[in-house]
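K.L.:
Attaching a single structure in structure tokens format; questions to follow.
Protein chains: 4
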Amino acid sequence: MSTSPPDTGTKYWSTQVSRVEDSRVLIRGYDLQDLIGGLTFSASCFLLIKGRLPAPNEITALDAVLNAVLDYGLYKPGTAAARYAVSGNPSMVAGMATAVLSAGSYTLAPEESARFITDAHTSRLANGETIADAAHRIVGTAADQKLRIPGFGHPAFKHLDPRAQKLKQIAVDSGVWGESAQLYEEIHRAFVATASPKKAEMPINDVGIMAAVLVELGFSPEEMTGLAVMSTLPGVIAHISEEMRSGKRIRVIPDEVADYPDTETKNFDKDWSASAWQPAL
Amino acid sequence: MSTSPPDTGTKYWSTQVSRVEDSRVLIRGYDLQDLIGGLTFSASCFLLIKGRLPAPNEITALDAVLNAVLDYGLYKPGTAAARYAVSGNPSMVAGMATAVLSAGSYTLAPEESARFITDAHTSRLANGETIADAAHRIVGTAADQKLRIPGFGHPAFKHLDPRAQKLKQIAVDSGVWGESAQLYEEIHRAFVATASPKKAEMPINDVGIMAAVLVELGFSPEEMTGLAVMSTLPGVIAHISEEMRSGKRIRVIPDEVADYPDTETKNFDKDWSASAWQPAL
Amino acid sequence: MSTSPPDTGTKYWSTQVSRVEDSRVLIRGYDLQDLIGGLTFSASCFLLIKGRLPAPNEITALDAVLNAVLDYGLYKPGTAAARYAVSGNPSMVAGMATAVLSAGSYTLAPEESARFITDAHTSRLANGETIADAAHRIVGTAADQKLRIPGFGHPAFKHLDPRAQKLKQIAVDSGVWGESAQLYEEIHRAFVATASPKKAEMPINDVGIMAAVLVELGFSPEEMTGLAVMSTLPGVIAHISEEMRSGKRIRVIPDEVADYPDTETKNFDKDWSASAWQPAL
Amino acid sequence: MSTSPPDTGTKYWSTQVSRVEDSRVLIRGYDLQDLIGGLTFSASCFLLIKGRLPAPNEITALDAVLNAVLDYGLYKPGTAAARYAVSGNPSMVAGMATAVLSAGSYTLAPEESARFITDAHTSRLANGETIADAAHRIVGTAADQKLRIPGFGHPAFKHLDPRAQKLKQIAVDSGVWGESAQLYEEIHRAFVATASPKKAEMPINDVGIMAAVLVELGFSPEEMTGLAVMSTLPGVIAHISEEMRSGKRIRVIPDEVADYPDTETKNFDKDWSASAWQPAL
Chain A
19 MSTSPPDTGT KYWSTQVSRV EDSRVLIRGY DLQDLIGGLT FSASCFLLIK GRLPAPNEIT
79 ALDAVLNAVL DYGLYKPGTA AARYAVSGNP SMVAGMATAV LSAGSYTLAP EESARFITDA
139 HTSRLANGET IADAAHRIVG TAADQKLRIP GFGHPAFKHL DPRAQKLKQI AVDSGVWGES
199 AQLYEEIHRA FVATASPKKA EMPINDVGIM AAVLVELGFS PEEMTGLAVM STLPGVIAHI
259 SEEMRSGKRI RVIPDEVADY PDTETKNFDK DWSASAWQPA L
Chain B
19 MSTSPPDTGT KYWSTQVSRV EDSRVLIRGY DLQDLIGGLT FSASCFLLIK GRLPAPNEIT
79 ALDAVLNAVL DYGLYKPGTA AARYAVSGNP SMVAGMATAV LSAGSYTLAP EESARFITDA
139 HTSRLANGET IADAAHRIVG TAADQKLRIP GFGHPAFKHL DPRAQKLKQI AVDSGVWGES
199 AQLYEEIHRA FVATASPKKA EMPINDVGIM AAVLVELGFS PEEMTGLAVM STLPGVIAHI
259 SEEMRSGKRI RVIPDEVADY PDTETKNFDK DWSASAWQPA L
Chain C
19 MSTSPPDTGT KYWSTQVSRV EDSRVLIRGY DLQDLIGGLT FSASCFLLIK GRLPAPNEIT
79 ALDAVLNAVL DYGLYKPGTA AARYAVSGNP SMVAGMATAV LSAGSYTLAP EESARFITDA
139 HTSRLANGET IADAAHRIVG TAADQKLRIP GFGHPAFKHL DPRAQKLKQI AVDSGVWGES
199 AQLYEEIHRA FVATASPKKA EMPINDVGIM AAVLVELGFS PEEMTGLAVM STLPGVIAHI
259 SEEMRSGKRI RVIPDEVADY PDTETKNFDK DWSASAWQPA L
Chain D
19 MSTSPPDTGT KYWSTQVSRV EDSRVLIRGY DLQDLIGGLT FSASCFLLIK GRLPAPNEIT
79 ALDAVLNAVL DYGLYKPGTA AARYAVSGNP SMVAGMATAV LSAGSYTLAP EESARFITDA
139 HTSRLANGET IADAAHRIVG TAADQKLRIP GFGHPAFKHL DPRAQKLKQI AVDSGVWGES
199 AQLYEEIHRA FVATASPKKA EMPINDVGIM AAVLVELGFS PEEMTGLAVM STLPGVIAHI
259 SEEMRSGKRI RVIPDEVADY PDTETKNFDK DWSASAWQPA L
């Protein structure tokens, strides 16, 4: 996230992302011709969104984040939705847009965790607390107010989410595991120490760690969602391609997994006549 | 479809659909305030797309078309895709857009039938043929060139599609079953008379009749797709509302209907090292 | 909104919206064949979403709601977005999906007003207040807490929004202007009586009245957004059709309305070398 | 593109893209945990879509392709559409889906060029021709049949498109500029040699070279569109983020670039009465 307020210019529209000149395209001020062959796609991704070139450790951390949730079998709403969509409309872009639209508050959005981490860090600085004290306070408040801490827990993993741990390790090794991320981890430790046995098994999940790393890299919550969604698109492209080659058209929900519980059949003429004479509400 | 070429004005953008004045909104020249309470939604739909008020018989025919494919259980790609999408992203507009995107060349698009009907009609007029002669010629040509005639055949119905017949009857009664539609029906008769026993069972299906009526009403093929898709949205809204109230999140493809046939597990370090030394292609 | 909790059946998926039998399709229990020619599209829309046939006055009110925001020149984000989209991807469904996605918390969503109206009504009943007393209390609380009341104010209209008034009049005449809607109007009166001169000019706008009528008709907030968005699609189809016939491809933001304020040109090789040696954060 | 036909298994759904096991996720057979930190995002992109690990030169070429069309000021339909969309619906995923949907047959789709290149290559092999002979034949046929050769010409560049040349150079240096790509280039030379002076200035453009490289890397035409669209998303995320921070809501088409040429105002009551008595068509 470019931290300075955008220079909005004097016309109705304004952008600082890129500009087109007579014989070249400037991407955040750099000639596109130099970026082709000069940067990996991940590095260009950083440049476009943040407005400056990344350092090598930032590229390493971002690449790890972009690999964290690559694909998940047929257990993702977006994958299922995209395959259904292209079975009726065999269009790559329609399928991709469909998958993008399946990401939101229940899945693939690190925004909530990111806001929690940022708020926790801000409150610690305001209070002049140690990381341990802040974690203790925040977990206590959450327990008192029965608030859920975002980014904890995973249906398949107990105590540790191996993918999340790998991502964290790379962030640590890259030097991008700063105080915000450390506080989030300390909050997890304090949470586990005081939680019920069942909740004490909850690891920081992949989205939680992803949010922690992206906070350290300075992305805004909305930009994080954009990155998380984009990182799933190679898998989406692969699924759409596989679906199109399957030769199946007009996919349905198979009867073996579908109920139609309302078995009543109604008489239209009878009900419509009755409805026609119904008095105003 | 407004038949005159659009007046494009002298500026970059131009529209004749509606305009906003100081104290009123003009829809195709009519004060919106008069349309509220003055027209049914179907009639306004006609006005907006065709640029003129419909006659009563046109409203009757259009209402019948808009009711022809209201919903289809869980057997529609768009319904499935929309329900998956909102199980991850609980947003009405995201779900609706998803359902819209599932319509295309395999489903819900009367465009192909419409172009066939229009071309058949145009060729008949050019040749100065009777409807019967044109139908004979067109079916013969299709047989010789092994071309599929669009709008024929339905998985559930033989000989007659009752919904399509009802729609046709209303069009006939409304006086909007003109020569294009009659030729299409005659083509169907000629097709059935000469087809193999199995193909001779194929009825004109709902999309075929829908296209025939919409050709008579003067809509363009793209506008027909727009109308067909819009007509399914009340059902889509109902499905999305039902899905959101179900309380289920992050829908998956259930294991009982999913195969993961590639059981091979590969060794990343080994393959990556090998790959790293692979010579250029 | 069907008020009973959905019967979820015993399988993974379940729906009560429609079912397909061997020789017919049942829509909320009614044979689709009877609805074709039996109902207007607006009435079918009511049936699909609410699960029962509408009374005549409900159809009248719903038709008025569906006509309230038909189109708005080139002043709607969704219209602009859809026209840009099809200038790159000439697809009716892609354009329609794009317009749908432009509706949200800043436009075309009566959800917020609907929740306000429903909450106000519920609190009045809980308190056993008269409509006047409840309105006085609610406006006072909003003023104290500096809360904005949704659905008030319009950029073009002062004191009265003529479209909103027309819509209300039809709802009154149809007998669907009940206590919730009356309370909302009384809240507006109390607000105007105590507001600053500038705010006292604010009318109830079209979305506010639309929400009030849809609350009386018993739709859920999400369903209201679905209906509002669907009601704009005839206009969207007309705009897309007009755009496709314009012959223009790859629309841009014209230079006369675009600024590119960041004029700095950077040197990639220099900055990239420097970046490469940057220490960890 | 995985070249073997997909093993569809025996159940309704089947995938070979990834699978979820008790304690790990397998991506094309590899443990996701190994890919995090083991591959760049571009390399994972190759793995997911093609089903095997890339060689280093393939990663280099793919990274160059993914950087070729990063952003283009406010001259892209998808950028404009996405910014309009989020001005009404401030949602990152809605904006991204909107941008995706603006890609199609007029922009950002290398599919047409890819099919041309593949067909040319296939016909050369079938005829046993040299590259020069095949190029001569193909350009002659195109001239006779007045066919446009896809991927030639750019509004801003004459003779050479510098971005396209840079991309080609990297492909050559990486050893992924094979016979298909060479034939395409030879076709361009033969075209220029025989074209009118104006057409002789046409370079191979960025999309043409992108298609040539992606053909050599073995992607299917649909997968190429997926990759091209995905490669623009960092720019899209940046534009959406910039738009959201601008504080502007409900963007319109500014009056200075909009015409409303149809100035006629019509009388609803008069026309509607007349329409009501119009005889059947």
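Protein chains in written order, with my numbering: chain A, 19 to 299; chain B, 19 to 299; chain C, 19 to 299; chain D, 19 to 299.
Just so it is clear, CB atoms sit at the ideal spot from N, CA and C, and this is done for glycine as well.
Quantities reported herein were computed from a predicted structural model and do not represent experimental measurements.
1) Give the secondary structure of B/Y102 by DSSP, where H, G and I count as helix, E and B as strand, and everything else as coil.
2) Pull up the distance between the alpha-carbon of A/V38 and that of A/L53, whole angstroms please.
3) Quick one: list the residues of chain C neighbouring A/V111, beta-carbon separation under 8 Å, in chain order.
4) Along chain A, in chain order, which residues have C-beta atoms closer than 7 Å to that of D/Y278?
5) To be precise: take each residue of the stretch 209-237 of chain B, compare its Cβ to all Cβ atoms of chain C, and keep it if any distance is under 7 Å. Which residues remain?
6) Give me the residue from C/L65, C/A82, C/N85 and C/A121 with the minimum Cα distance to D/R101.
7) Report the residue from D/M110, D/G106 and D/S105 whose alpha carbon sits nearest the alpha carbon of B/N107.
8) Do we get a CB-CB distance below 8 Å when we pair B/R37 with the residues of chain D?
9) Could you give the residue range of the alpha helix (DSSP H) that holds B/L232?
10) Between C/S32 and chain A, is there a C-beta pair that is closer than 8 Å?
11) Helix, strand or coil: how does DSSP classify A/V38 here?
12) Can you pull the chain D residues whose beta carbon is under 7 Å from the beta carbon of C/L92, in chain order?
13) Less than 8 Å between the beta carbons of D/A98 and C/L119, yes or no?
14) Would you call D/L80 buried or exposed, if buried means 16 or more other Cβ atoms sit within 10 Å of its Cβ?
15) Mind checking whether A/F170 and A/G226 have CB atoms under 8 Å apart?
16) Rank A/I268, A/V254 and A/D89 by C-alpha distance to the C-alpha of A/R181 and give the top, closest one.
17) From A/A82, A/A112, A/L232 and A/F209, pick the residue whose C-alpha is nearest to that of A/A160; which is it?
18) Residues in the same chain with beta-carbon distance under 6 Å from C/F64, minus the five sequence neighbours each way, listed in chain order, please.
19) Measuring only the C-alpha atoms, how far is B/H154 from B/L50?
20) Along chain B, in chain order, which residues have C-beta atoms closer than 9 Å to that of D/L126?
21) Assuming contact is defined by CB atoms lying nearer than 8 Å, are C/S105 and C/E260 in contact in what I supplied?
22) Determine contact between the stretch 269-289 of chain D and the stretch 278-290 of chain C, defined as no fewer than three beta-carbon pairs at a distance below 8 Å.
23) Check each candidate in A/T33, A/V43, A/G56 and A/Q183 and name the one with the smallest Cα separation from C/F286.
24) With DSSP as the reference, please indicate the residues paired to B/Y301 in a beta bridge.
25) For D/A150, which option in D/P221, D/I205, D/T125 and D/V270 has the closest C-alpha, if you only look at C-alpha atoms?
26) Looking only at C-alpha atoms, which of B/A112, B/A144 and B/V157 sits nearest to B/A211?
27) DSSP three-state label for A/V43, please.
28) Rounded to a whole number of angstroms, what is the C-alpha to C-alpha distance between B/R42 and C/G113?
29) Tell me, to the nearest whole angstrom, how far the beta carbon of D/D179 is from that of D/I222; I am working on the premise that it is less than 8 Å.
30) In the DSSP assignment, what are the bridge partners of A/Y48?
31) Tell me, to the nearest whole angstrom, how far the beta carbon of B/L251 is from that of B/L232; I am working on the premise that it is less than 8 Å.
32) Could you check what DSSP says for D/F64 in three-state terms: helix, strand or coil?
33) Compute the beta-carbon to beta-carbon distance between D/L201 and D/V83, rounded to the nearest angstrom, for a pair I have assumed lies under 8 Å.
34) Output needed for A/S249: all residues of its chain with C-beta closer than 8 Å, excluding positions within five of it in sequence on either side, in chain order.
35) Name the DSSP beta bridge partners of A/F237, please?
36) Which value, in whole angstroms, describes the spacing of the CA atoms of B/P95 and A/I268?
P.N.:
For this structure:
1) In the second sequence, residue 102 of chain B corresponds to position 84, counting from 1. Residue state, collapsed to three classes: helix.
2) On the first sequence, position 20 is the one that residue 38 of chain A refers to. On the first sequence, position 35 is the one that residue 53 of chain A refers to. A/V38 and A/L53: Cα-Cα distance of roughly 15 Å.
3) Mapped onto the first sequence, residue 111 of chain A falls at position 93. Simply N107 and A112.
4) If you number the fourth sequence from 1, residue 278 of chain D lands on position 260. Residues of chain A whose Cβ lies closer than 7 Å to the Cβ of D/Y278 do not exist, since the nearest Cβ in that chain is about 18 Å away.
5) So the list is empty, because no residue satisfies the distance condition.
6) For the purposes of this step, residue 101 of chain D is taken as the residue at position 83 of the fourth sequence. D/R101 has its Cα closest to that of C/A121, out of C/L65, C/A82, C/N85 and C/A121.
7) On the second sequence, residue 107 of chain B is found 89 positions in, with the first residue counted as 1. By alpha-carbon distance to B/N107, the top candidate from D/M110, D/G106 and D/S105 is D/M110.
8) Position 19 of the second sequence, counting from 1, holds the residue named residue 37 of chain B. For B/R37, the answer is yes, since a Cβ of chain D falls inside 8 Å of its Cβ.
9) Within the second sequence, the letter at position 214 stands for residue 232 of chain B. B/L232 -> alpha helix (DSSP H) spans D224 to E234.
10) By 1-based counting over the third sequence, the position of residue 32 of chain C is 14. Closer than 8 Å: yes.
11) Counting from one through the first sequence, the residue named residue 38 of chain A turns up at place 20. In this structure, DSSP gives A/V38 an extended state, which the three-state scheme calls strand.
12) Numbered from its first residue, the third sequence carries residue 92 of chain C at position 74. Within 7 Å Cβ-Cβ: V270, I271 and A276.
13) Here residue 98 of chain D refers to the residue found at position 80 of the fourth sequence. Here residue 119 of chain C refers to the residue found at position 101 of the third sequence. Contact: no.
14) Here residue 80 of chain D refers to the residue found at position 62 of the fourth sequence. Buried, because 16 or more other Cβ atoms sit within 10 Å of the Cβ of D/L80.
15) As a first step, residue 170 of chain A is located in the first sequence; it is residue number 152 there, counting from the start. As a first step, residue 226 of chain A is located in the first sequence; it is residue number 208 there, counting from the start. The answer is yes: Cβ separation under 8 Å.
16) Counting from 1 along the first sequence, the entry for residue 181 of chain A is found at position 163. Closest in C-alpha terms to A/R181, from the list A/I268, A/V254 and A/D89, comes A/D89.
17) Numbered from its first residue, the first sequence carries residue 160 of chain A at position 142. Closest by alpha carbon: A/F209.
18) For the purposes of this step, residue 64 of chain C is identified with residue 46 of the third sequence, where counting begins at 1. The residues are P72 and L80.
19) As a position in the second sequence, residue 154 of chain B is number 136, starting the count at 1. As a position in the second sequence, residue 50 of chain B is number 32, starting the count at 1. Each residue's alpha carbon lies about 49 Å from the other.
20) Locating residue 126 of chain D in the fourth sequence gives position 108, where the first residue counts as 1. Within chain B, no residue has its CB atom less than 9 Å from the CB of D/L126, the nearest being about 17 Å off.
21) What you label residue 105 of chain C is simply residue 87 of the third sequence in a count that begins at 1. What you label residue 260 of chain C is simply residue 242 of the third sequence in a count that begins at 1. No, they are not a contact pair.
22) Fewer than three pairs of CB atoms, one per stretch, sit closer than 8 Å, so the stretch 269-289 of chain D makes no contact with the stretch 278-290 of chain C.
23) Here the question's residue 286 of chain C lines up with position 268 in the third sequence. Check the Cα spacing between C/F286 and each of A/T33, A/V43, A/G56 and A/Q183: the tightest is with A/G56.
24) Any question about residue 301 of chain B goes unanswered here, given that chain B covers just 19 to 299.
25) For the purposes of this step, residue 150 of chain D is taken as residue 132 along the fourth sequence, with counting starting at 1. Here the closest residue by C-alpha is D/I205.
26) Taking the first residue of the second sequence as position 1, residue 211 of chain B is located at position 193. The residue with the shortest Cα to Cα distance from B/A211 is B/V157.
27) For the purposes of this step, residue 43 of chain A is identified with residue 25 of the first sequence, where counting begins at 1. When DSSP states are grouped into helix, strand and coil, A/V43 belongs to the strand group.
28) By 1-based counting over the second sequence, the position of residue 42 of chain B is 24. By 1-based counting over the third sequence, the position of residue 113 of chain C is 95. Rounded to whole angstroms, B/R42 and C/G113 show a C-alpha spacing of 27 Å.
29) As a working mapping, residue 179 of chain D is identified with position 161 in the fourth sequence. As a working mapping, residue 222 of chain D is identified with position 204 in the fourth sequence. A Cβ-Cβ distance of about 7 Å is found for the pair D/D179 and D/I222, placing them in contact under the 8 Å criterion.
30) Here residue 48 of chain A refers to the residue found at position 30 when the first sequence is read from its first residue. Paired residue(s): A/I45.
31) Position 233 of the second sequence, counted from the first residue, corresponds to residue 251 of chain B. Position 214 of the second sequence, counted from the first residue, corresponds to residue 232 of chain B. Incorrect: roughly 17 Å between the Cβ atoms, too far for contact.
32) Residue 64 of chain D sits at position 46 when you count from the first residue of the fourth sequence. Looking at D/F64 - three-state DSSP - the assignment turns out to be helix.
33) Numbered from 1 along the fourth sequence, position 183 holds the residue referred to as residue 201 of chain D. Numbered from 1 along the fourth sequence, position 65 holds the residue referred to as residue 83 of chain D. About 19 Å separates the two Cβ atoms, so there is no contact after all.
34) Reading the first sequence from its first residue, position 231 is the one you call residue 249 of chain A. Excluding its 5 nearest sequence neighbours in each direction, A/S249 has C-beta neighbours in its own chain below 8 Å: V83, L84, N85, A86, V87 and L88, listed in chain order.
35) Within the first sequence, numbered from 1, the residue matching residue 237 of chain A stands at position 219. For A/F237, DSSP records no beta bridge to any residue.
36) Here residue 95 of chain B refers to the residue found at position 77 of the second sequence. Here residue 268 of chain A refers to the residue found at position 250 of the first sequence. Distance from the CA atom of B/P95 to the CA atom of A/I268, rounded to whole angstroms, is 6 Å.
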